[in-house]
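Peer 1:
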Amino acid sequence: MLRNYLLRNLIKKKLNLSKPLEEVRKDVRQFRIKQKCRESTYIESTIINEAPCLWVVPDGCDTNRFVLYLHGGGYCLAAYDNTVQRTIDLAENLKMSTLMIDYPVAPEYPFPSAIEKVNSIYESIADNKQVVLLGESSGCGLVLNLMVSLREKKKRQPVASILLTPFLDATYAGRSYTIMKEKDPFYVKPPYIISDYYTIGQNKKNPWISPLFHDVHDLAPILIHVAEYDTLADDGMRLYEKLKKAHNEVEYRKWTGMWHLFHTQHDLIPEGKRAMEACKKFLHDKLVSV
Numbered sequence: 001m002l003r004n005y006l007l008r009n010l011i012k013k014k015l016n017l018s019k020p021l022e023e024v025r026k027d028v029r030q031f032r033i034k035q036k037c038r039e040s041t042y043i044e045s046t047i048i049n050e051a052p053c054l055w056v057v058p059d060g061c062d063t064n065r066f067v068l069y070l071h072g073g074g075y076c077l078a079a080y081d082n083t084v085q086r087t088i089d090l091a092e093n094l095k096m097s098t099l100m101i102d103y104p105v106a107p108e109y110p111f112p113s114a115i116e117k118v119n120s121i122y123e124s125i126a127d128n129k130q131v132v133l134l135g136e137s138s139g140c141g142l143v144l145n146l147m148v149s150l151r152e153k154k155k156r157q158p159v160a161s162i163l164l165t166p167f168l169d170a171t172y173a174g175r176s177y178t179i180m181k182e183k184d185p186f187y188v189k190p191p192y193i194i195s196d197y198y199t200i201g202q203n204k205k206n207p208w209i210s211p212l213f214h215d216v217h218d219l220a221p222i223l224i225h226v227a228e229y230d231t232l233a234d235d236g237m238r239l240y241e242k243l244k245k246a247h248n249e250v251e252y253r254k255w256t257g258m259w260h261l262f263h264t265q266h267d268l269i270p271e272g273k274r275a276m277e278a279c280k281k282f283l284h285d286k287l288v289s290v
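Written out as structure tokens, the structure reads:
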């Protein structure tokens, strides 16, 4: 549709990621979103295991059942103000208490700092709670790493996980990375691939850096959404195939004509709204079955 084409190209024009990291960070900070929420929604900033976190609790919800939200940004970007509004949007649209972790990012905090922080926070708060993990882009890698870590430690899995336009392969081996360069508004041209700051000196095939390469048996149910016009689309598709082969419970949806992180425009495009409704249904279906 013309509307989607125009919005996709507007994003591409306004957010140029193909430049040095400090310039990208400056641009992202300037994309300040005016915070808005319902009067009945409770918001609290807190510190958990020395990391800034945010609770958003809609009216009628409690923190015994909650979404743990891990934002994207190539493990290098963290615009707190914008992430606050995204957390509010998720909590109110999913009708679930939501906890956002402002995890440490590279290059100031290199691999595996983010993984260790997220895992330690989850293990300190998840006992006797019903938790659904939700990641966007690189946040999906942190979700998958957490699930694998819990399995290896023989600890209880979350109720379920939701992966939205996941970034899971730092080798960029997916075919979509080649064929969708011109259509992806978030495509980053070498040598300005920001996730490279996270992987400096590391083997990019290390599954803790590229979670797509993990052994994925015995994981909690997972919902994967990918977008047609996303260079990372094949990351989600390949994970789906691995999960099915390992006999996991997994749902997969490829959204035609959509782009990376299109869910965040749910107030502008009907596909974004339908995608969030699908996430809400998946989440509540899994909680009911616990």
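Numbering (the working numbering), first residue to last: 1 to 290.
C-beta atoms are modelled at their ideal positions from N, C-alpha and C, and glycine is treated no differently.
#1: Would you kindly work out how many angstroms separate the C-alpha atoms of residue 48 and residue 121, rounded to a whole number?
#2: With distances taken between CB atoms, is the gap from residue 114 to residue 197 smaller than 7 Å?
#3: Using alpha carbons as the reference points, say which of 59, 166 and 128 lies closest to residue 38.
#4: State the CB to CB distance for the pair residue 118 and residue 70, rounded to an integer number of angstroms; the pair is presumed to be in contact (CB under 8 Å).
#5: For the beta strand (DSSP E) that contains residue 53, what are its first and last residues?
#6: Reducing DSSP to helix, strand and coil, say where residue 109 ends up.
#7: Do the CB positions of residue 54 and residue 45 come within less than 7 Å of each other?
#8: Can residue 211 and residue 261 be called in contact, C-beta distance under 7 Å?
#9: Here's a check: name, in chain order, each residue in its chain whose Cβ is nearer than 7 Å to the Cβ of residue 271, leaving out the five neighbours to either side.
#10: Can you name the residues that DSSP bridges to residue 225?
#11: Tell me which residues share the same chain as residue 227 and place their Cβ nearer than 7 Å to its Cβ, disregarding the 5 neighbours each side in the sequence.
#12: Using the Cβ count rule (16 or more neighbours within 10 Å means buried), how would you classify residue 62?
#13: If we ignore side chains and look at the alpha-carbon of each, how far apart do residue 130 and residue 26 end up?
#14: Would the beta-carbon of residue 56 fall within 7 Å of that of residue 91?
#15: Tell me which same chain residues have a C-beta within less than 6 Å of the C-beta of residue 207, skipping the five on either side of it?
#16: One question on the structure: do residue 99 and residue 68 come within less than 7 Å of each other, judged by their Cβ atoms?
#17: From the DSSP output, which residues share a beta bridge with residue 97?
#18: Assign residue 194 to one of three DSSP states: helix, strand, or coil.
#19: Between which two residues does the beta strand (DSSP E) containing residue 44 stretch?
Peer 2: Reading it off the structure:
#1: Between the C-alpha atoms of residue 48 and residue 121 there is a straight-line separation of about 7 Å.
#2: The Cβ-Cβ distance between residue 114 and residue 197 does not fall below 7 Å.
#3: Ranking 59, 166 and 128 by Cα distance to residue 38 puts 59 first.
#4: Residue 118 to residue 70, Cβ: 6 Å. Contact.
#5: Judged by DSSP secondary structure, residue 53 falls within the beta strand (DSSP E) whose first and last residues are 51-57.
#6: Residue 109: coil per DSSP, three-state reduction.
#7: Taking a C-beta distance under 7 Å as the contact criterion, residue 54 and residue 45 qualify as a contact pair.
#8: Not closer than 7 Å, so no.
#9: Closer than 7 Å at the Cβ level, and outside the excluded window around residue 271, lie 255, 258 and 262.
#10: Looking at the DSSP assignment, residue 225 forms a beta bridge with 164 and 253.
#11: Counting only Cβ-Cβ distances below 7 Å, and skipping sequence neighbours, we find 165, 233, 255, 258, 259, 260 and 262.
#12: With fewer than 16 Cβ atoms within 10 Å of its Cβ, residue 62 is classed as exposed.
#13: A direct Cα-to-Cα measurement between residue 130 and residue 26 gives close to 37 Å.
#14: Cβ distance < 7 Å, so residue 56 and residue 91 count as in contact.
#15: The answer, listed in chain order, is 213 and 214.
#16: Contact: yes.
#17: Answer is 66.
#18: In the three-state reduction of the DSSP assignment, residue 194 falls in the coil class.
#19: For residue 44, the enclosing beta strand (DSSP E) has its first and last residue at 42-48.
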